[in-house]
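For reference, the structure is listed below as structure tokens.
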Amino acid sequence: MDKLNYYITGLVDGEGSFSISVQKDTTHRVGYRLKPSFSLGLHKEDLSILERIRQNLKCGTISFNKNMAQLKVEAIESLVSKVIPFFEKYPLRAKKRNDFEIFKRVVLMMSKKKHLNDFNSFLEVLKMRSQMNVVGRNRRITSRINQINAEVAQG
34 MDKLNYYITG LVDGEGSFSI SVQKDTTHRV GYRLKPSFSL GLHKEDLSIL
84 ERIRQNLKCG TISFNKNMAQ LKVEAIESLV SKVIPFFEKY PLRAKKRNDF
134 EIFKRVVLMM SKKKHLNDFN SFLEVLKMRS QMNVVGRNRR ITSRINQINA
184 EVAQG
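Heads up: the sequence shown begins at 34 in my numbering, then just goes up one per residue.
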């Protein structure tokens with residue numbers, strides 16, 4: 034079983050993603066909703082690998098888009114109780130390690146619901162988020178924070 038778990042870690046290091054999306058949502062006090070997710074996408078011919086990983090983690094859903102299959106875990110409870118402990122026990126060793134550490138801090142903060150009522154905690158999450166996936170896309174965090182600050186100030 035350990036071999037499989039280290040294989041999963043290596044696969045995620047190369048093909049996985051830890052992300053925190055921000056969506057406008059007027060039902061939330063700060064006007065935005067944070068949505069953490071762990072995902073792993075492979076060619077649909079490798080569906081059996083994703084199914085095995087889902088069985089191993091005991092969480093997640095698999096969806097399809099063209100020739101791709103994607104395992105995704107979005108539920109805070111599953112991230113806290115399954116995904117985070119897995120990668121703490123079988124740590125990432127390459128580029129995703131920093132993203133995971135930030136992701137873990139954000140998810141644990143969200144599990145305590147700090148970001149819902151405290152605007153400063155929400156901004157702290159945005160700043161941490163800007164440090165994730167820095168090789169991928171630039172998030173232009175300063176302008177985003179200024180935009181959110183302006184919207185909140187307008188009430």
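Note that beta-carbon positions come from the ideal geometry of N, C-alpha and C, so glycine has one too.
Values in this document were obtained by computation on a predicted structure and should not be read as measured data.
Secondary-structure assignment with DSSP links Ser-144 through no beta bridge to anything. DSSP assignment within the stretch 61-138 yields the following whole alpha helix (DSSP H) runs of 4 residues or more, N-terminal first: 80-90, 117-122. Per DSSP, the unbroken alpha helix (DSSP H) holding Thr-42 starts and ends at 35-48. Distances from the alpha-carbon of Met-165 to those of Lys-77, Ser-54, Phe-119 put Ser-54 closest. Minimum Cα-Cα distance from Glu-48 among the listed residues Ala-127, His-61, Glu-107, Thr-59 corresponds to Ala-127. Per DSSP, Asn-166 is not a residue of any alpha helix (DSSP H), being assigned neither H nor E.
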